[in-house]
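Visitor:
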């Protein structure tokens with residue numbers, strides 16, 4: 001039994017192929033049902049975004065599961081397996097865990113540090129869990145991945161700095177004005193970059209946004225998309241006078257806003273500060289406007305300089321995120337080690353409950369005159385005695401999971417409490433391989449994997465369960 005992921009993303013496949021294999025929200029339940037129905041995966045989660053489609057799974061035979069998933073991707077794309085195969089990647093064991101942690105943390109995104117992916121990972125996991133596709137291993141791995149992703153967002157600066165031109169424009173505007181709620185924005189032109197910048201400004205508190213374009217219908221459409229107001233091209237100079245922030249993005253070959261036009265607007269504004277973001281190439285605004293008092297003019301090179309600096313800053317924060325991922329890997333390793341004793345602990349507690357129940361039955365026969373309240377008190381206190389007697393042995397059992405000779409001691413512990421192999425094996429998680437159902441094999445496999453995660457093992461990182469192949 002092992003964890004694996006098969007998928008493709010923006011680094012391995014062009015958008016034409018990614019869109020063929022992407023799984024829309026309305027399809028996800030059907031895909032999850034198909035994954036449950038086939039026999040290769042005991043657990044599965046589908047993560048599909050604009051930049052990646054991945055299937056995470058738990059399998060007894062990872063080679064067979066990988067073959068099936070690669071064929072599934074080919075069928076979904078409607079292409080030969082060889083054609084899709086070169087765009088797919090596969091990770092197993094530790095590599096699969098680390099890959100998921102990097103995805104949830106934003107380190108594997110097109111825009112490093114973007115925060116949307118964490119919500120997408122959470123939604124993918126929740127949908128798979130609700131569909132009944134997850135079990136003990138996927139549940140823990142995804143919960144830890146979400147925890148690591150949250151820490152990356154809150155404990156590092158990985159997502160704080162603008163790494164797109166439109167975000168950088170907002171960052172520059174806020175340096176001048178700070179609070180944007182009472183500012184007026186004028187968007188000159190209806191280009192895509194201007195639209196994105198307008199959307200980001202609205203998200204940062206702008207309530208008065210106007211759009212002017214030579215084609216009034218285009219101005220209407222852009223204004224409607226961002227919740228603004230369309231202005232006729234003939235009213236450009238009038239609108240400029242009211243604007244605190246100007247986004248210029250017309251695509252014209254000649255200057256649209258001459259320095260004299262901006263100067264006239266500034267006089268009518270009584271020299272109140274104006275920020276002009278000229279995203280157009282060729283530029284829409286006469287560079288001489290930058291010489292005017294209280295005019296802050298930024299062109300595309302200024303914005304890209306901000307983006308480059310912020311990318312470098314994100315790279316610095318990425319090292320901190322990698323350390324959080326390493327912590328998450330060690331936490332997963334510690335959890336894995338303790339899973340070796342979880343079935344045995346459950347069996348020991350069940351044995352204690354059996355003894356307590358037998359004692360209570362005997363007392364009921366011998367003390368028939370006691371009231372229901374008396375029996376409630378006796379039941380509570382006899383169970384408390386059992387729990388107190390088991391507390392130290394259970395604590396010691398958990399500690400054994402982390403010791404070198406713990407595997408051998410587990411068998412002795414089971415004999416001490418007269419726990420048969422069948423009793424503890426009945427409490428193994430669903431999907432546990434049949435040939436790992438001996439106590440020592442189960443514990444040895446989990447310890448091998450946990451050691452590799454904790455950095456204690458030697459040789460290659462763990463990638464397969466040696467007792468689970470078939």
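Residue numbers (full-length UniProt numbering): 1 to 470.
Ideal placement from N, C-alpha and C gives every residue a C-beta, glycine not left out.
This one's a predicted model, so the numbers in the text were calculated from it and none came from an experiment.
(1) Just list the residues that DSSP pairs residue 44 with in beta bridges.
(2) Between 97, 310, 200 and 253, which has its C-alpha nearest residue 285's C-alpha?
(3) I'd like to know whether the C-beta atoms of residue 442 and residue 428 end up nearer to each other than 8 Å.
(4) Return helix, strand or coil for residue 383, following the three-state DSSP convention.
(5) If you compare alpha carbons, which of 329, 112, 418 and 94 is closest to residue 147?
(6) Helix, strand or coil, according to DSSP, for residue 267 in the structure here?
(7) Span of the beta strand (DSSP E) holding residue 295?
(8) Please list the terminal residues of the continuous alpha helix (DSSP H) segment that includes residue 345.
(9) By the three-class DSSP mapping on this structure, what secondary structure does residue 6 have?
(10) What residues match up with residue 206 in a beta bridge as DSSP calls it?
(11) Applying the 10 Å Cβ sphere with the 16-neighbour rule, what's the burial state of residue 154?
(12) Tell me which same chain residues have a C-beta within less than 6 Å of the C-beta of residue 109, skipping the five on either side of it?
(13) Is the beta carbon of residue 237 closer than 8 Å to that of residue 259?
(14) For residue 278, which three-state DSSP category applies?
(15) Leaving out the 5 sequence neighbours to the left and right, which residues in its chain are closer than 7 Å to residue 219 when beta-carbon positions are compared?
(16) Can you find the residues in the same chain that come closer than 7 Å, C-beta to C-beta, to residue 397, ignoring five residues on each side of it along the sequence?
(17) Assuming residue 43 contacts residue 137 under a Cβ cut-off of 8 Å, what Cβ separation, rounded to an integer in Å, is found between them?
(18) Taking the straight line between their C-alpha atoms, what separation do you get for residue 470 and residue 67?
(19) With contact counted as at least three CB pairs below 8 Å, one residue from each stretch, are the region 41-58 and the region 120-137 in contact?
(20) Can you name the residues that DSSP bridges to residue 285?
(21) Taking the CB atoms as reference points, tell me whether residue 402 and residue 315 lie closer together than 8 Å.
(22) Helix, strand or coil for residue 186? Go by DSSP, reduced to three states.
(23) Anyone know if the C-beta pair for residue 35 and residue 65 falls short of 8 Å?
(24) On the CB-based measure, 16 or more other CB atoms within 10 Å of its CB, does residue 73 come out buried or exposed?
(25) According to DSSP, what are the bridge partners of residue 471?
(26) What three-state label does DSSP hand residue 229 in the structure shown?
(27) Within the same chain, show all residues whose beta-carbon is closer than 8 Å to that of residue 200, passing over the 5 residues directly before and after it, in chain order.
(28) Going by DSSP in three states, residue 87 sits in which element: helix, strand or coil?
(29) DSSP on residue 23, reduced to helix/strand/coil?
(30) Output yes or no for whether 8 Å exceeds the beta carbon distance between residue 91 and residue 4.
(31) Does residue 26 pass the burial test, meaning 16 or more other C-beta atoms within 10 Å, or should it be called exposed?
(32) For my contact list, residue 209 and residue 185 are in at a C-beta cut-off of 8 Å; report their separation, rounded to the angstrom.
(33) Give every residue of the same chain whose Cβ lies closer than 7 Å to the Cβ of residue 423, excluding the five residues on either side of it in the sequence, and list them in chain order.
Guide: From the atom records:
(1) The residue labelled residue 44 in the question sits at position 44 within the chain shown. Bridge partners of residue 44: 57.
(2) Counting from one through the chain shown, the residue named residue 285 turns up at place 285. Residue 285 has its Cα closest to that of 253, out of 97, 310, 200 and 253.
(3) In the chain shown, counting from the first residue as 1, residue 442 sits at position 442. In the chain shown, counting from the first residue as 1, residue 428 sits at position 428. Cβ atoms of residue 442 and residue 428: closer than 8 Å.
(4) Residue numbering aside, residue 383 sits at position 383 when the chain shown is read from its first letter. Helix.
(5) For the purposes of this step, residue 147 is taken as residue 147 along the chain shown, with counting starting at 1. Of 329, 112, 418 and 94, the residue nearest in Cα terms is 329.
(6) Residue mapping note: residue 267 aligns to position 267 of the chain shown, counting from 1. The answer is helix: DSSP assigns residue 267 an H, G or I state.
(7) Residue numbering aside, residue 295 sits at position 295 when the chain shown is read from its first letter. Counting along the chain, the beta strand (DSSP E) containing residue 295 begins and ends at 295-299.
(8) For the purposes of this step, residue 345 is taken as the residue at position 345 of the chain shown. First-last of the alpha helix (DSSP H) with residue 345: 342-366.
(9) On the chain shown, position 6 is the one that residue 6 refers to. Looking at residue 6 - three-state DSSP - the assignment turns out to be strand.
(10) Mapped onto the chain shown, residue 206 falls at position 206. Residue 206 pairs with nothing; no bridge assigned.
(11) Numbered from 1 along the chain shown, position 154 holds the residue referred to as residue 154. That one is exposed.
(12) Here residue 109 refers to the residue found at position 109 when the chain shown is read from its first residue. 117.
(13) In the chain shown, residue 259 corresponds to position 259, counting from 1. In the chain shown, residue 237 corresponds to position 237, counting from 1. No.
(14) In the chain shown, residue 278 corresponds to position 278, counting from 1. In this structure, residue 278 counts as strand in the three-state DSSP scheme.
(15) The residue you call residue 219 lines up with position 219 of the chain shown. These residues qualify, in order along the chain: 190, 211, 212, 213, 230 and 231.
(16) As a first step, residue 397 is located in the chain shown; it is residue number 397 there, counting from the start. So the qualifying residues of the chain are 341, 344, 345 and 413.
(17) Taking the first residue of the chain shown as position 1, residue 43 is located at position 43. Taking the first residue of the chain shown as position 1, residue 137 is located at position 137. Contact flag correct, Cβ pair sits at about 6 Å.
(18) As a working note, residue 470 is residue 470 in the chain shown. As a working note, residue 67 is residue 67 in the chain shown. Note on residue 470: pLDDT 26, under 50, position unreliable in the model; the coordinate value appears next. Approximately 14 Å between the Cα atoms of the pair.
(19) yes
(20) The residue you call residue 285 lines up with position 285 of the chain shown. The partner list for residue 285 (beta bridge, DSSP) reads 257.
(21) Locating residue 402 in the chain shown gives position 402, counting from the first residue. Locating residue 315 in the chain shown gives position 315, counting from the first residue. For residue 402 and residue 315, no; Cβs fall outside 8 Å.
(22) Counting from one through the chain shown, the residue named residue 186 turns up at place 186. DSSP places residue 186 in strand when its eight states are reduced to three.
(23) Position 35 of the chain shown, counted from the start, is the residue given in the question as residue 35. Position 65 of the chain shown, counted from the start, is the residue given in the question as residue 65. No, they are not a contact pair.
(24) By one-based count along the chain shown, residue 73 stands at place 73. Label assigned to residue 73: buried.
(25) Outside the shown range of the chain (1 to 470) lies residue 471, about which nothing can therefore be said.
(26) Here the question's residue 229 lines up with position 229 in the chain shown. Strand, per DSSP.
(27) Taking the chain shown and counting its residues from 1, one reaches residue 200 at position 200. Only 166, 167, 169 and 170 meet the Cβ criterion.
(28) Within the chain shown, numbered from 1, the residue matching residue 87 stands at position 87. Residue 87 falls in the coil class under three-state DSSP.
(29) Taking the chain shown and counting its residues from 1, the one referred to as residue 23 is at position 23. Residue 23: coil per DSSP, three-state reduction.
(30) On the chain shown, residue 91 is found 91 positions in, with the first residue counted as 1. On the chain shown, residue 4 is found 4 positions in, with the first residue counted as 1. A contact, by the Cβ cut-off of 8 Å.
(31) Counting from one through the chain shown, the residue named residue 26 turns up at place 26. The residue in question, residue 26, is exposed, as its Cβ has fewer than 16 Cβ neighbours within 10 Å.
(32) As a position in the chain shown, residue 209 is number 209, starting the count at 1. As a position in the chain shown, residue 185 is number 185, starting the count at 1. Indeed they touch by this definition, with Cβ atoms about 4 Å apart.
(33) As a first step, residue 423 must be located in the chain shown, where it is residue number 423. Excluding sequence neighbours, residue 423 sits near 347.
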